[in-house]
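Chemist: Quick one: structure below, then a few questions.
In the numbering used here, the protein residues as written are 1348 to 1812.
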């Protein structure tokens, strides 16, 4: 069985290698490596943006939480869809135009030029916060891949984690931004098909269809209703949806796809393709969790492996191997963009800004690739500690990036009177709240106080008339 799984996985890896290698010679300098000369077409922009967003959480965190806690968890997808739509509508085209105007290849360089900060402090602080939360985000994908390799292939967790990282590094280093985007396009379409197939076939195995799910849910006291039954539940659901939705405004690995898009008109077309992809995949993930309630009456030891268990139950080993490659695809499409952006930040905002302002294009390309490797290895060390679940790591990193950068992105695009001092203070406060809030023991999601504290400080310290 393991041999057939590995064969399917090997074929999948070969396809990625071919795609990335075809773009190897197009990364002639650091600018090509970071943003691909802003040449991404609207289809690639749409799918790469959304597949970079979802991560393995789509196959493990979301279905697992629905399987364990019921349909109240479906408020997370509601928040994500609303947040992403608003980001497409109010940020995508505007950020594409602004970063081209200021000739910026990273958010940190954009902030520095937008606020005319000659001290370098804004660039350094924003770069530090981005890298800090990125290492946790990248490690979440590595943890998920390690769990999957351990569960499916019976490969040691640490070896599985390293294999996942190695695959990502190879095609990211080879293809750069354009190579990563086209690999993400392929993987995004692939995982879309796979995540639709599993609930379709899974439902066929339920003895009495929906009745089976409702009966088991009743026995386990799992609610299948999204409608809150009390004022406290209403507040809880709204906060949950809002906290995830707000995060979109400040995710560099998502925003970079807007920055690399060919034009503003491409973004307009990409919005509807991307939103359709997101709605379908999130709905299918929720269905996996729901159907899992009826299929696995004895609660799984690890609820985040619900998709894996269902695939192994439904398909022959070779077919199951291909379907499970969708989990790898979800992980790779997020990790590749994150380590690419991290390498860009390392080279553009740290090395060039503070160590070698006259670095040549060839040197910058080398440092960008070196940064990709360094950040990846740090994330690997965190993943090896197994300090949290996939859901927990994603939540922590998503909140940190959203709280630190979301308000800054919005105010930089729409407010003319904000200052660099307000931006720096707000960014630090938002980042600190996001980083420390989980230890406060509050039931309020960290994104809410982090995001709005940042926004309030920026507005309070803006220029007066």
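All C-beta atoms in this analysis are idealised placements derived from N, C-alpha and C, irrespective of residue type, glycine included.
What first and last residue would you give for the alpha helix (DSSP H) that runs through residue 1762?
Modeler: Note, residue 1762: premise wrong, no alpha helix (DSSP H); not H, not E.
Chemist: Along the chain, where does the alpha helix (DSSP H) that runs through residue 1864 open and close?
Modeler: This structure cannot settle anything about residue 1864, because the visible part of the chain is limited to 1348 through 1812.
Chemist: Compute the distance between the beta-carbons of residue 1418 and residue 1573, then report whether it is under 8 Å.
Modeler: Between residue 1418 and residue 1573, the C-beta gap is smaller than 8 Å, which places the two residues in contact.
Chemist: Measuring alpha carbon to alpha carbon, tell me which of 1745, 1781 and 1669 ends up nearest residue 1793.
Modeler: Of the candidates 1745, 1781 and 1669, 1781 places its Cα closest to the Cα of residue 1793.
Chemist: Buried or exposed, going by whether 16 or more other CB atoms sit within 10 Å of the CB of residue 1361?
Modeler: exposed
Chemist: From which residue to which residue does the alpha helix (DSSP H) around residue 1424 run?
Modeler: 1422–1434
Chemist: Looking at the secondary structure, which residues open and close the alpha helix (DSSP H) in which residue 1796 lies?
Modeler: 1794–1807
Chemist: Can you check whether the CB of residue 1353 is closer than 8 Å to the CB of residue 1636?
Modeler: If you check the CB distance, residue 1636 and residue 1353 do not come in under 8 Å.
Chemist: Please specify which runs of the alpha helix (DSSP H), each continuous and at least 4 residues long, are wholly inside the region 1386–1411, giving them in chain order.
Modeler: Runs of the alpha helix (DSSP H) spanning 4 or more residues and lying entirely within the region 1386–1411 occur at 1389–1401, in chain order.
Chemist: Report the rounded CA-to-CA distance for residue 1667 versus residue 1563, giving the unit in angstroms.
Modeler: 26 Å
Chemist: How would you label residue 1791, buried or exposed, when you count the other beta carbons within 10 angstroms and need 16 or more for buried?
Modeler: exposed
Chemist: Within the continuous alpha helix (DSSP H) that includes residue 1733, where are the two ends?
Modeler: Neither: residue 1733 is in no alpha helix (DSSP H) and is coded neither H nor E.
Chemist: Which same chain residues end up closer than 7 Å to residue 1662 when comparing Cβ atoms and leaving out the 5 residues on each side of it in sequence?
Modeler: 1670
Chemist: Please classify residue 1789: does DSSP put it in a helix, a strand, or coil?
Modeler: coil
Chemist: If the criterion is Cβ atoms closer than 8 Å, does the pair residue 1484 and residue 1494 meet it?
Modeler: no
Chemist: Measure the C-alpha to C-alpha separation of residue 1744 and residue 1468 and round it to an integer number of angstroms.
Modeler: 23 Å
Chemist: If we require 3 or more residues per run, which beta strand (DSSP E) segments fall completely within the region 1517–1561?
Modeler: The region 1517–1561 contains no whole beta strand (DSSP E) run of 3 or more residues.
Chemist: Just tell me which of 1388, 1423, 1350 and 1783 has its CA closest to the CA of residue 1595.
Modeler: 1423
Chemist: Where does residue 1608 fall in DSSP's three states?
Modeler: Strand.
Chemist: Is DSSP giving residue 1574 helix, strand or coil here?
Modeler: Residue 1574: coil per DSSP, three-state reduction.
Chemist: Once the 5 residues before and after residue 1601 are set aside, which same chain residues still bring their CB inside 7 Å of it?
Modeler: 1396, 1399, 1400 and 1595
Chemist: Take residue 1645 and list the residues in its own chain whose beta-carbon comes closer than 8 Å to its own, dropping the five residues that flank it on each side.
Modeler: none
Chemist: Just checking, does the region 1689–1697 make contact with the region 1488–1502 on the three C-beta pairs under 8 Å criterion?
Modeler: no
Chemist: Residue 1566 to residue 1472, Cα distance in whole Å?
Modeler: Residue 1566 and residue 1472: Cα-Cα distance of roughly 51 Å.
Chemist: Which class does residue 1348 belong to by DSSP, given the choice of helix, strand or coil?
Modeler: Unreliable placement is indicated for residue 1348, whose pLDDT of 47 sits below 50; the coordinate value is still reported in the next sentence. Looking at residue 1348 - three-state DSSP - the assignment turns out to be coil, as it is neither helix nor strand.
Chemist: Taking the C-alpha atoms as reference points, what is the distance between residue 1610 and residue 1376?
Modeler: 21 Å
Chemist: Using the Cβ count rule (16 or more neighbours within 10 Å means buried), how would you classify residue 1614?
Modeler: buried
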